[in-house]
Each structure stands twice: as structure tokens, then as C-alpha cells.
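Participant:
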Amino acid sequence: NKFHFCIDRGGTFTDVHCILPSGEHVVRKLLSEDPAHYPDAPTEGIRRVLEEFNGLDDDDNDNSVVSTKNIGSIRMGTTVATNALLERAGSPLALVITKGFGDLLEIGNQARPNIFDLTCAKPSLLYCEVLEVDERVTLDKYYTTEDSTVEIVKGLTGENVRIGRRPNLDLIRTSLQKLKEEKGIESLAICFMHSYTYAEHEIAVGKIAHEIGFKGQISLSSQVMPMVKMVSRAHTACAAAYLTPKITSYLEGFLAGFDDGLRSSRVPLTFIQSDGGLSPYQKFGGHHAILSGPAGGVVGYAKTTPSLPVIGFDMGGTSTDVSRYASWYEHVFETVTAGILIQTPQLDIQTMANEGGSQWFFQNGMLVVEPKSARVLCVIINQVGCWL
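The opening position of the sequence shown corresponds to residue 79 in my numbering, with each subsequent residue numbered one higher.
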């Protein structure tokens, strides 16, 4: 006797699938952004289905929020994080890293996917400021001589770690306050050498950042993805800090459209993650959300062809996603998405911005094509079609 919703919130269109109390399946499609008619497309889609099939009482129709008493569950996949990464529309971010490694992510890992391309351009980085911290730990196994003056502790991996230099927390507090007050930075990605096994320095700096009052996301690489390879670990921490505020802002807007049934968890609200699994909304965000929408597509078409090899091609308004299914889900644990090396379990999906519905517009007197939602593409064609 409940309505069960599954929603795909894309960059251009939102699709709402509902299993009615009768067992019938219905689908409705809305523009993802139409501020003249509704503030949030998934909320509006749920409201329309409930109104159409008598899921709202007379008293509920007068409320500014949607009643959840007849809703059994809501599952959602969203490309909010995907499009924010492709369009570089996340939260202003600063990278806090071990002294001497401030340009580490700019240098990268020397991978050259198009080795003979003379015009290749490096993708833009997610952070706009860098703070180098004078701290250092090293692994004891690489030293051949004993030094009784050096502090040695056992790391989480069981390796002995040499504490070469502990961070000056007073100096760090001053530097972080300057970043916040003068640069307007509210999100931080903190990544130190060997923090996957010895995280105390990152934790100490993160605690100071919380005390100062950074309002965005504070991501510690040792918590986001405690793995070796500092480059990919730092990229992943940056992605988490860059995208989580965007996800959090969207979730707050979505929850505001309903009564307390969602916040109290009386009605399960789950989001699909990049690995194809479902996550409670409280734990959903950042680097786990990059392929949320595309992962839902893979899981969906895999159900229709359980034994045949299939190639999935999903061309949306902002991005195109290509994947493969051959009787099992293919996962990767390190991948490059929109030029950012992400170290987290994901379904093997290739995402391209320039093959989706990008926009053509004037910028600084020049024609520019960039990956943006193409919801106004028809308007552009009508206005400039006579030039073509």
C-alpha cells in the first residue's frame, strides 16, 4: 500500500519511475532545472505522481512540503557530482600537503595517454590554493643504520615509521585562518606523506581546521582512501572536498521539500554509489558520487541481459557514458574521470563531457564550446540558425 520511487536526476532531464500500490509501473520525465515552475525536479516528480494516483490527502495538497506517509522508499541516482566535476563547478578548495610537494598533482604521475599529440593540454586541477606544511615521516625499512635520536612508531600497516618532523600547529592555525579570511576558502583536502599508515599529522591539522570553522568539507586522505600512492590519494581527497559540499547542498534542498519522514529515516532514502551499491543519504557524497547516475544505468541494463555481453551507451544532456557488462560487474579501483585520478571502487565506466550536449556560446568575443547542460540548445539553434 505504498509508493516506491526510483529516480535518475541527470544534468538535463530527470526521470521518475514509481511502483504504485497496485503494482503498476509508471514513468514521468521533467526538466532537471525549471525554476519558473518548481525548485527541485525529483521532488516535483514525486509530488505529481502522488497527486495523479491519489497518494496525497486533501490536507496534503495545501502543504508546501510533500507528505511521506504513503511513500515506501526513494532510491536515486544523480549526476550532480559528475557534472560538477566535468564543468569544474565544485566548492573553492585548498590543498594542504607536505612541504616540498606543493606541485605534486600538477606534475602528476607522468602518464601520457596520447604520447604523439603535440597539442595535448593538462586538465585543470580542483584546488585553487596550496598550503605546504613542514612535516615529514618516512618508512624505517629503507634505512640501513640505527639512530637512537629518531622517534620510531608502528603504523597502521604494521610498518615502523620514523617521525622526521612534527608539524608546528600554531603556525598552521595562522596559515589556515589566513586562507579562510583572505582567500574565502571553505573546503580543505589534507594529504601528507605516508598518511595511509601514520595519520596523526593529518588528524591534528584537520582538528585545527574544524576549530577555525571551515564551513565546507575537510577531507583527510587517510580517511577518504588510506592507500599507498600519494598522487592518487591526494587527487581523491581533493575530489571529496571539492564535490561533497555540492552534494550536501543538493541533499538539503531535496530534504526541505518533504516532511520529517526522510530525515527521521522512517522512509528509506538511498543513493546509488559509483560502485553500483546503495548508500544511505547521510553517508553519500564526494568521491563516491562521481558515477552515481551512470552506475545506475549499468545495474539497470545488466538486469535485462543477464547472460549476454552488452555495451552500454548513455548519451545525456551534459555527458556521455560508455560501459560493458559480460555476466558480471566490472570494477576498477583507480580510474581517471575528467582528468582527475580517483582511487575508489567504481564500475568501469568511461565518461566524456564533449560528446554529450555541450553548449556553444560567446565568451570574451569568441565562440566557445564547453560541457554544460544542453537544456537551452533548442533556443540557441532557433536564434542563430540563420547564420549556419
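Even glycine gets a Cβ: it sits at the ideal position worked out from N, Cα and C.
For S370, tell me which candidate among L425, I268, L196, L183 has the shortest Cα-Cα distance.
Facilitator: Nearest option by C-alpha distance: L425.
Participant: Excluding the 5 residues preceding and the 5 following R251 in the sequence, name in chain order all residues of the same chain whose CB lies nearer than 6 Å to its CB.
Facilitator: Excluding sequence neighbours, R251 sits near I286.
Participant: Relative to the C-alpha of E122, which residue among S145, S100, E102 is closest?
Facilitator: Cα-wise, what sits closest to E122 is S145.
Participant: Measure the beta-carbon distance from H365 to L298 and round it to whole angstroms, keeping in mind my assumption that it falls under 8 Å.
Facilitator: Not quite, the Cβ-Cβ distance comes to about 13 Å (not below 8 Å), so this is no contact.
Participant: Would you say P201 and A416 are within 9 Å of each other, going by their C-beta atoms?
Facilitator: In this structure, A416 lies closer than 9 Å to P201 by Cβ.
Participant: Any contact between the segment 161-175 and the segment 399-413? By contact I mean 3 or more CB pairs, one from each, below 8 Å.
Facilitator: With a cut-off of 8 Å, the segment 399-413 and the segment 161-175 do not count as touching, because too few Cβ pairs lie within range.
Participant: Give me the residue from S226, E213, A162 with the minimum Cα distance to E278.
Facilitator: Here the closest residue by C-alpha is E213.
Participant: Report the option in A334, I290, T314 whose CA atom is closest to the CA atom of F257.
Facilitator: Strictly speaking, residue 257 in this sequence is Leu, with Phe absent from that position. When each option's Cα is compared against that of L257, the closest is I290.
Participant: Look at the Cβ atom of N192, then the Cβ atom of V309, and state whether they are nearer than 9 Å.
Facilitator: Against a cut-off of 9 Å, the Cβ pair of V309 and N192 comes out as no contact.
Participant: Tell me which same chain residues have a C-beta within less than 8 Å of the C-beta of Y379, skipping the five on either side of it?
Facilitator: Cβ within range, chain order: V388, G390, Y403.
Participant: Is the CB of F83 under 9 Å away from at least one CB in chain D?
Facilitator: Here there is only one protein chain, and chain D is not present.
Participant: Using the Cα positions of P384 and I350, report the straight-line distance between them to the nearest angstrom.
Facilitator: Spanning the two alpha carbons is a distance of roughly 20 Å.
Participant: So, H313 versus I418, is the Cβ gap smaller than 9 Å?
Facilitator: Cβ distance < 9 Å, so H313 and I418 count as in contact.
Participant: Does the distance from the CB of L204 to the CB of G236 come in under 9 Å?
Facilitator: No, the Cβ-Cβ distance between L204 and G236 is not below 9 Å.
Participant: Hey, would you say N161 sits closer than 9 Å to G89, going by beta carbons?
Facilitator: Yes, the pair counts as a contact, with Cβ atoms nearer than the cut-off.
Participant: Please give the ranges of any beta strand (DSSP E) in the segment 226-292, keeping only runs that are unbroken, at least 3 residues long and fully inside the region.
Facilitator: Listed in chain order, the complete beta strand (DSSP E) runs (minimum 3 residues) inside the segment 226-292 are 229-232, 238-243, 265-269.
Participant: Which stretch, first to last residue, makes up the beta strand (DSSP E) that contains V158?
Facilitator: Counting along the chain, V158 falls outside any beta strand (DSSP E), though it belongs to the alpha helix (DSSP H) covering 158-164.
Participant: Within the same chain, show all residues whose beta-carbon is closer than 8 Å to that of V306, passing over the 5 residues directly before and after it, in chain order.
Facilitator: Result list for V306: Y274, in chain order.
Participant: Roughly how many whole angstroms lie between the Cα atoms of G262 and L134?
Facilitator: So the two alpha carbons sit approximately 44 Å from each other.
Participant: Kindly identify the DSSP beta-bridge partner or partners of F91.
Facilitator: For F91, which the question treats as bridged, DSSP gives the partners L109.
Participant: Helix, strand or coil for E433? Go by DSSP, reduced to three states.
Facilitator: Legend: pLDDT at E433 = 48, less than 50; position of this residue unreliable, value from coordinates given subsequently. Looking at E433 - three-state DSSP - the assignment turns out to be coil, as it is neither helix nor strand.
Participant: Looking only at its chain, what residues have a beta carbon closer than 7 Å to the beta carbon of K324, apart from the 5 residues adjacent to it on each side?
Facilitator: Closer than 7 Å at the Cβ level, and outside the excluded window around K324, lie V158, A159, A162, G168, S169.
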